[in-house]
Amino acid sequence: MLTDTETVCDARVDPAGPREDDSMPITDDLETTDEARTKSERRRARLVRIIGEDPGRKVSVNDLADLLGVSVATIRRDLTVLERDEVVSRTYGGAALAPRRREMTMAQREVSNAEAKRLIAQEAVALLNDGDLVILDAGSTAEQIAVALDNRLELTVVTNGLRCINRLVDQDLVQVLVLGGRLRGFNETICGGDAEQTLSHIFASIAFVGADAVDPVRGIASRTYDQCRLKTMMLRQAGRVYVVADSSKLDDSSALPYWAPLPQEWGLITDAAADPDALATLEARGATIVLAGRALTKETEEEPPCPPR
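Right, dumping it as structure tokens:
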């Protein structure tokens, strides 16, 4: 049982490797409505950020309850869920940052926040027109964009993602230009000097670029230097640029090593569970926000926002 003096720490690591259910989104069985679940997820995201703000500080359950304006019982329940999903670990008398969690396999990414990624893909496709030249990054969210195209538009798609290629192979209205180079099999991504050289000769109508994390100052994160270089070029080689990232990527405080800087004006397509404070910070840094899955209002029934370039 957690005591009031027990402390918590950010534990973005799985020493034994990812669990089978490592990629599943955080939920709370005691809160069953969509509204309650969204509220609890946002609270837990804030909880994780507070814990990670100062790695050397010991934060008690009472302190966390005061900071978030909820009961100690609610904090205890949140920490139980976060510990179960290996987002935080709890210790007696102290706290320490642990190394970041291992990279998920593509099979895990495929089921992680799957519905959010599907909705993000629908918003992305709604921005396209016949004749567009589209840069489509690799990754599970980009794969869903390829699925959502469904051979409905005449496009040229430039991609470095094996899964995107496989999803587009039977769409005869879509011409596919594959960026060649070195294959990183773990996440089914092609990158390297050859891919960059090809991309340097292309200026697309629109680019959809994925991210392991999104930060208002550092930009978008990658796990390898080659991926970061290619994403940086994708962000430069299109008239309109959209980062496609589910809301979990906005709350990721992990110390990922490589960051591609964002342009002054860009778009972010994310899901409606995104933290409003995080979105406001990104907007202040030039982002035009598109929320997938949000009910349409009079304000949102207008044309989809497009970041100027």
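Everything in the sequence shown is counted per the working numbering, starting at 83 for the first residue and increasing by one.
Note that the Cβ used here is the ideal one computed from N, Cα and C, for glycine as well.
This structure is a prediction, so every number in the text was calculated from the model and none was measured.
| query | result |
| --- | --- |
| Suppose contacts are defined by Cβ-Cβ distances below 7 Å. Is Ala355 in contact with Glu205 by that definition? | no |
| Can you name the residues that DSSP bridges to Phe290? | Leu218, Tyr324 |
| My output table needs one value for Asp252: the three-state DSSP class, helix, strand or coil. | coil |
| What three-state label does DSSP hand Gly267 in the structure shown? | coil |
| Are the segment 352–369 and the segment 279–298 in contact at 8 Å, needing three or more beta carbon pairs? | yes |
| In the structure shown, what three-state DSSP assignment does Ala303 receive? | strand |
| With a 10 Å radius around its C-beta and 16 neighbouring C-beta atoms as the bar for buried, classify Leu337 as buried or exposed. | Residue 337 is actually Ala in this sequence, not Leu. Ala337 should be labelled exposed. |
| Identify whether Ser142 lies in helix, strand or coil by the three-state DSSP scheme. | strand |
| Look at Ala127 and Asp359 and say whether their C-beta atoms are less than 7 Å apart. | no |
| Apply the 10 Å Cβ neighbour rule to Tyr340 and answer buried if 16 or more other Cβ atoms are within range, or exposed otherwise. | buried |
| DSSP three-state label for Ile202, please. | helix |
| If the criterion is Cβ atoms closer than 7 Å, does the pair Val143 and Ile132 meet it? | no |
| Tell me whether the beta-carbon of Gly274 lies closer than 7 Å to the beta-carbon of Gly267. | no |
| Looking only at its own chain, which residues have a Cβ that is under 7 Å from the Cβ of Glu365, when we skip the five neighbours before and after it? | Ile371 |
| Helix, strand or coil for Ile272? Go by DSSP, reduced to three states. | strand |
| Taking a contact to mean a Cβ-Cβ separation below 7 Å, would you say Ala224 touches Gly292 in this structure? | yes |
| Of all the options Phe285, Leu218, Met316, Gly243, which has the alpha carbon lying nearest to the alpha carbon of Leu265? | Gly243 |
| Thr162 to Ala155, Cα distance in whole Å? | 11 Å |
| Could you pull out every residue in the same chain whose Cβ sits closer than 6 Å to the Cβ of Thr314, ignoring the five residues on either side in sequence? | Ala342 |
| Select from Leu250, Pro345, Leu255 the residue whose C-alpha is nearest the C-alpha of Asn211. | Leu255 |
| Beta carbon of Thr271, beta carbon of Ala228: below 7 Å? | no |
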